[in-house]
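First residue of the first sequence: 0, per the numbering used here; consecutive thereafter. Glycine is no exception: its CB is placed at the ideal position from the N, C-alpha and C atoms. Please read all numbers here as calculations on a predicted model, not as lab measurements.
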Amino acid sequence: MKIGYPCINRSIGCTANSTFRLKNYSESRLIETIANNLTCLQKILAFNVENELYFFRISSDIIPFASHPLGTFPWATHFASQLQAIGNFIRQHGIRISMHPSQFVLLNAQRPEVVQNSIAELAWHCQLLDAMMLDTTAKVQIHVGGMYGDKVSSIKNFIACYQTLADFIKQRLVIENDDRLFTVTDCLAIYQAVGIPIIFDNLHHECHSDGETLLQAMHACAKTWAQRDGLPMVDYSSQEPGARLGKHAEALDDAHFSAYLQQTKTLDFDIMLEIKNKEPSALMAIAIARRLRAF
DNA sequence: AGTTGTCAAGCTAGT
DNA sequence: ACTAGCTTGACAACT
């Protein structure tokens, strides 16, 4: 079991997700920004290893405008050696990596250009992980997409689009149950058709499910991960008390997380903590996991 | 130095 | 008709 946090580190004063406004675009600005992001990513990963945080989500802002028509700069070759060095560090320390492209990635969109832009977005995420020479346990996670008033055909459209994807994308792509539209059951239907692994998100499941228990849903998702995909990944969060349903907690809820680990102790998986305050919660989670599990 | 409107991209549900 | 929210606030123009 590896535990980690997404995208942003608040401890070391270095962000791997700097970007800038499109109207200020220049190639030199792009190179400068990517160089800074990669340097900070290295520092964050080093911090994580020191703190036994072996799971990290790399921000989609690490390469600004990567799928924009303007973004023709060959960053993968320009930064090849640095990307390889980061990849070496990741492999050497057994760090698990994920990425989560934004809400604009909709493989089942009705407008063809939205689908094309989505595929281009997935492609660069996978190229980044490829440039780091990471194996297929490094994943790119998305939601199923929009519903467009008809769940059955929106799922069909997802499947049809998935089948057209190049292998270098397919081998990294995973889907996550969301909190309003597509449940674990819906994701499982897609898995049955095309074999795509499912990332289980417990808070989304609490908001929107078809009545399965946490453990039932998690077992079902865990089975969708093949050997080549590595240990199942999950997103974990809890409800922020008093806030809108589905709002991620500001800090880790010890009792909720302990109960979660207890309920799921028949399974092994890597946990991405979607908790707002980042590292403090991640460190707390490690202490709790050490108390409750062989870790 | 501090504040605040805005940022490439889509969709849904709630107001 | 408008907007918050989404994996994550940060940028940049203003006072």
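### Message
Going by DSSP in three states, serine 24 sits in which element: helix, strand or coil?
### Response
Note that residue 24 is tyrosine in the sequence shown, not serine. Of the three classes helix, strand and coil, the one that applies to tyrosine 24 here is coil, per DSSP.
### Task
Since I believe leucine 260 is in contact with alanine 219 (beta carbons under 8 Å), could you give me their beta-carbon distance rounded to a whole number of angstroms?
No, alanine 219 and leucine 260 are not in contact; Cβ-Cβ is about 19 Å, not under 8 Å.
### Message
For a test of the three-state rule: what should DSSP assign to lysine 169, helix, strand or coil?
### Response
helix
### Task
Give the straight-line distance between the Cα atoms of isoleucine 89 and arginine 9, rounded to the nearest whole angstrom.
20 Å
#### Entry: Contact belief for histidine 204 with alanine 216 at Cβ below 8 Å, rounded distance in angstroms
6 Å
### Query
Which residue or residues does DSSP assign as beta-bridge partners of proline 5?
Arg56
#### Entry: Given 8 Å, three or more beta-carbon pairs between the region 56-74 and the region 114-129
yes
### Task
Can you tell me the Cβ-Cβ gap for arginine 171 and valine 139, rounded? I've got them flagged as a contact below 8 Å.
5 Å
### Query
Expressed to the nearest angstrom, what Euclidean distance is found between the alpha-carbon atoms of alanine 159 and glutamine 226?
25 Å
### Query
Under a three-way DSSP split, which group does serine 80 fall into?
helix
### Query
Among Lys1, Phe72, Lys22, Val104, which one has its Cα closest to the Cα of arginine 56?
Lys1
#### Entry: First through last residue of the alpha helix (DSSP H) which encompasses phenylalanine 157
150-163
### Task
Note down the Cα distance separating phenylalanine 103 from histidine 207, rounded to an integer number of angstroms.
21 Å
### Query
Can you tell me whether serine 58 is buried or exposed, with buried defined as 16 or more other CB within 10 angstroms of its CB?
buried
### Query
Which residues in the same chain as glutamate 273 place their Cβ atom closer than 6 Å to its Cβ, once the five residues preceding and following it in sequence are excluded?
Asp234, Ser236, His247
### Task
Would you mind stating whether phenylalanine 199 and valine 173 have Cβ atoms separated by less than 8 Å?
no
### Query
For the alpha helix (DSSP H) that serine 257 lies in, which residues bound it at each end?
253-262
### Message
For glycine 70, tell me which candidate among Gln83, Asn116, Ser80, Ala108 has the shortest Cα-Cα distance.
### Response
Asn116
### Query
Going straight from the alpha carbon of lysine 22 to that of arginine 28, what length do you get?
12 Å
### Message
For threonine 265 and proline 5, I'd like the C-alpha separation in whole angstroms.
### Response
25 Å
### Straight-line gap, glutamine 109 to glutamine 91 (C-alpha atoms, nearest Å)
43 Å
### Query
Exposed or buried, what is proline 231 when buried is set at 16 or more other beta-carbons lying within 10 Å of its beta-carbon?
buried
### Query
So glutamine 140 is in the beta strand (DSSP E); what residue range does that whole segment cover?
138-142
### Query
Using the rule of at least 16 other Cβ atoms within 10 Å of the residue's Cβ for burial, across every protein chain shown, is tyrosine 161 buried or exposed?
buried
### Task
Classify isoleucine 96 as buried or exposed, calling it buried when 16 or more other Cβ atoms lie within 10 Å of its own Cβ.
buried
### Where isoleucine 189 sits in the DSSP three-state scheme
helix
### Task
Run the CB neighbour count on glutamate 31, radius 10 Å, all protein chains shown included, and call it buried at 16 or more, exposed below.
exposed
### Message
Whole angstroms are fine: how far does the CA of lysine 169 sit from the CA of phenylalanine 196?
### Response
With the sequence shown as reference, residue 196 is identified as proline, and phenylalanine is not the correct amino acid for it. Answer to the nearest angstrom: the Cα atoms are 10 Å apart.
### Query
If you compare alpha carbons, which of Cys186, Tyr147, Trp224 is closest to threonine 135?
Trp224
#### Entry: Residue from Ser153, Tyr190, Leu133, His99 whose Cα sits closest to the Cα of phenylalanine 167
Leu133
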